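Read the structure below first, then the notes.
Protein chains: 2
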Amino acid sequence: MQEQGPEMEIVHLLRAVVVELGAHSARFAQRNGMHPTDVRALIALMDAERAGEEMTAGRLGTALGLNSAGTTALVDRLERAGHVRRVRDERDRRRVTVEVDERAVALGRSHFGPLIGRAVELLGGYDERELAAIRDFLTGVRETAEEDRTGHRAPRPAP
Amino acid sequence: MQEQGPEMEIVHLLRAVVVELGAHSARFAQRNGMHPTDVRALIALMDAERAGEEMTAGRLGTALGLNSAGTTALVDRLERAGHVRRVRDERDRRRVTVEVDERAVALGRSHFGPLIGRAVELLGGYDERELAAIRDFLTGVRETAEEDRTGHRAPRPAP
DNA sequence: GGTATTCTCTCGCTCAGCGAGATAATTGTT
DNA sequence: AACAATTATCTCGCTGAGCGAGAGAATACC
Numbered sequence: 010m011q012e013q014g015p016e017m018e019i020v021h022l023l024r025a026v027v028v029e030l031g032a033h034s035a036r037f038a039q040r041n042g043m044h045p046t047d048v049r050a051l052i053a054l055m056d057a058e059r060a061g062e063e064m065t066a067g068r069l070g071t072a073l074g075l076n077s078a079g080t081t082a083l084v085d086r087l088e089r090a091g092h093v094r095r096v097r098d099e100r101d102r103r104r105v106t107v108e109v110d111e112r113a114v115a116l117g118r119s120h121f122g123p124l125i126g127r128a129v130e131l132l133g134g135y136d137e138r139e140l141a142a143i144r145d146f147l148t149g150v151r152e153t154a155e156e157d158r159t160g161h162r163a164p165r166p167a168p
Numbered sequence: 010m011q012e013q014g015p016e017m018e019i020v021h022l023l024r025a026v027v028v029e030l031g032a033h034s035a036r037f038a039q040r041n042g043m044h045p046t047d048v049r050a051l052i053a054l055m056d057a058e059r060a061g062e063e064m065t066a067g068r069l070g071t072a073l074g075l076n077s078a079g080t081t082a083l084v085d086r087l088e089r090a091g092h093v094r095r096v097r098d099e100r101d102r103r104r105v106t107v108e109v110d111e112r113a114v115a116l117g118r119s120h121f122g123p124l125i126g127r128a129v130e131l132l133g134g135y136d137e138r139e140l141a142a143i144r145d146f147l148t149g150v151r152e153t154a155e156e157d158r159t160g161h162r163a164p165r166p167a168p
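Taken in order, these protein sequences are the chains called A and B. Take the first sequence: its letters are residues 10 to 168, numbered as in our numbering. Take the second sequence: its letters are residues 10 to 168, numbered as in our numbering.
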C-alpha cells in the first residue's frame, strides 16, 4: 500500500463527498417514488430557472444525456407526478418548455434544506482567506471536469 | 430572486462539482460499455481493498442499495467484462468475495488520473491553514450526509 | 442431529432508456 | 407563395437493469 501526501487524502475525501451526496439525492428520489434521473432533471430545471433561462424538453434531454424518446418519457413521468408542467412555446410552437411546479421545489427544500443549512453553518466558521481557498479549489475541480467534457477550456471571468 | 451571502454561492458550487464529477464518471462508464452502477461498484470494491477489507457480494449490494438478485446480475456483468473475479470464501463457503481485476484498476486510473492529478496540483498551492479549511469543510459535509443516512452521529476520531 | 439463520443464485416481471421513424412547426430557396 | 430542408417533440417496439419471491447450499444455535 503506497503512502501518499495530504493532497491524496483530500482527493479521496472529495470523492467520498460526491458518493455520499449522490446517496443523499438517491434517498430523496426513493422516498418520493422518483428515479435518480428525475432528481437530476429537477435540479437542472431549477438551475435554469435561477439563471433566468427557460428550459425546453430538448435542452433538458441534452443536459442529462438522454435521447428524445427518453426525454419525452422523463417529462411524461414528472408531469404525471405533478412535479413539472409542459408549456407550449408560443413563439416557436415546436418547442415545449418545462416548468417546475412550486410543490416540487418545496419538496426538495424540505429534504435538502437541513444539509444545506449545516453546510452554510460550517462555512460561517471560516475567514475570508479560508473561504477563498474552498471556493477556488471547488471551482478548479469543476472547471477541470468541465474541460474534459467539452474538450476546451472554459472561459474565466475577468478578475 | 433572493440575494444570498457568499455561503450559498459555495453550496451551489459544491453541488455543481458533484453534478460535474458524476457526469465525468458516467462518461467513463459509457466509454467502456458500463453502467453508472458498475462504476459505483468498482469504486466501492477499490475503497474496500484500500481499507484492507474483503468485499462479499452481499456487502457490495448493500453498499449500492441493490437487492440480492440485482447484486448477482451486477457481479455477473462485471465478471463477464473481466473487471472482477468471484472467489468462493473457503472459511464460509456460502460467501463469495469479489476481487477487482488489475486491468480494471488501470482502466480507471487512465480515465480519472488526469483529473486527480489536476486536483493534487491545485491543492499544492495552498498553505496548511487553507488545506485544513478545505479538509474540514468536506469532512463536515460528508459527516452530515452520513448522519442523515445512518440516523446517528458518526464517531469523531479523538484530536 | 435437527431446526433456524445466512448468503447467493434463479425465475419472471416492470419500467427506464434506446433506435427508428412519424408528425408538426419553422426557416430557407426560388 | 409554394416547396424543400431543417428542427423539436412524440410514438412504437425493443433491450436490459433491478425488483420480489423463492430455491439451494452452507453455517450457527440448541
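For every residue, glycine included, the Cβ atom is placed at its ideal position computed from N, Cα and C. On a predicted model such as this, the values are computed, not experimentally measured, just so you know.
Using only alpha-carbon positions, find the residue among the options that is nearest to residue i.
| i | options | result |
| --- | --- | --- |
| residue 51 (chain A) | A:128, A:114, A:137 | A:114 |
| residue 89 (chain B) | B:121, B:27, B:42 | B:42 |
| residue 120 (chain A) | A:63, A:19, A:48 | A:48 |
| residue 128 (chain B) | A:127, A:152, A:83, A:61 | A:152 |
| residue 103 (chain B) | B:91, B:86, B:66, B:70 | B:66 |
| residue 14 (chain A) | B:73, B:155, B:130 | B:130 |
| residue 107 (chain A) | A:145, A:58, A:141 | A:58 |
| residue 45 (chain A) | A:87, A:25, A:17 | A:87 |
| residue 110 (chain A) | A:97, A:96, A:101, A:91 | A:91 |
| residue 135 (chain A) | B:142, B:136, B:72 | B:142 |
| residue 94 (chain A) | A:148, A:78, A:38, A:112 | A:112 |
| residue 17 (chain B) | A:126, A:28, A:73, A:35 | A:126 |
| residue 27 (chain B) | A:160, A:148, A:71 | A:148 |
| residue 36 (chain A) | B:105, B:82, B:74 | B:74 |
Could you confirm whether any beta carbon from chain A is found closer than 8 Å to the beta carbon of residue i?
| i | result |
| --- | --- |
| residue 168 (chain B) | Note that residue 168 (chain B) scores 46 on pLDDT, short of 50, meaning its location in the model is unreliable; the coordinates nonetheless yield the value given after this. By this cut-off, residue 168 (chain B) is not an interface position. |
| residue 74 (chain B) | yes |
| residue 155 (chain B) | yes |
| residue 158 (chain B) | yes |
| residue 118 (chain B) | no |
Are the C-beta of residue i and some C-beta of chain B separated by less than 8 Å?
| i | result |
| --- | --- |
| residue 37 (chain A) | no |
| residue 57 (chain A) | no |
| residue 148 (chain A) | yes |
| residue 68 (chain A) | no |
| residue 115 (chain A) | no |
Determine the direct distance from the alpha carbon of residue j to that of residue i, and round the result to whole angstroms.
| i | j | result |
| --- | --- | --- |
| residue 53 (chain A) | residue 99 (chain B) | 49 Å |
| residue 133 (chain A) | residue 84 (chain B) | 44 Å |
| residue 144 (chain A) | residue 21 (chain B) | 10 Å |
| residue 124 (chain B) | residue 33 (chain A) | 24 Å |
| residue 23 (chain A) | residue 146 (chain A) | 11 Å |
| residue 177 (chain A) | residue 64 (chain B) | Because chain A spans 10 through 168 in this model, residue 177 (chain A) falls outside it and cannot be assessed. |
| residue 157 (chain B) | residue 25 (chain B) | 21 Å |
| residue 40 (chain B) | residue 31 (chain A) | 21 Å |
| residue 62 (chain A) | residue 96 (chain B) | 52 Å |
| residue 77 (chain A) | residue 29 (chain B) | 22 Å |
| residue 150 (chain B) | residue 138 (chain B) | 18 Å |
| residue 105 (chain A) | residue 159 (chain B) | 41 Å |
| residue 60 (chain A) | residue 71 (chain A) | 17 Å |
| residue 140 (chain B) | residue 154 (chain A) | 21 Å |
| residue 68 (chain B) | residue 80 (chain A) | 34 Å |
| residue 55 (chain B) | residue 19 (chain B) | 30 Å |
| residue 168 (chain B) | residue 82 (chain B) | Residue placement at residue 168 (chain B) cannot be trusted, given a pLDDT of 46 that sits under 50; the coordinates are not used to answer. |
| residue 38 (chain B) | residue 122 (chain B) | 15 Å |
### 3 or more residues per run - each beta strand (DSSP E) lying fully within the stretch 25 to 93 of chain B
Listed in chain order, there is nothing to give.
### Task
Anything in the stretch 16 to 50 of chain A with a Cβ closer than 9 Å to a Cβ of chain B? List those residues in chain order, please.
So the list reads 16, 17, 18, 19, 20, 21, 22, 23, 24, 25, 26, 27, 28, 29, 30, 31, 32, 33, 34, 35, 36, 39, 45, 49, given in the order they occur along the chain.
### Message
So if I threshold CB-CB distances at 7 Å, which residues from the stretch 79 to 113 of chain A count as touching chain B?
### Response
Here the close residues number zero.
### Task
Mind listing, in chain order, the continuous alpha helix (DSSP H) runs of no fewer than 4 residues lying wholly within the stretch 92 to 158 of chain B?
For the stretch 92 to 158 of chain B, whole alpha helix (DSSP H) runs of length 4 or above, ordered along the chain, are 111 to 132.
### Message
What are the residues in the stretch 125 to 139 of chain A lying within 8 Å of chain B by C-beta distance?
### Response
Shown in chain order are the members of the stretch 125 to 139 of chain A whose Cβ falls below 8 Å from a Cβ of chain B: 125, 127, 128, 129, 131, 132, 133, 135, 138, 139.
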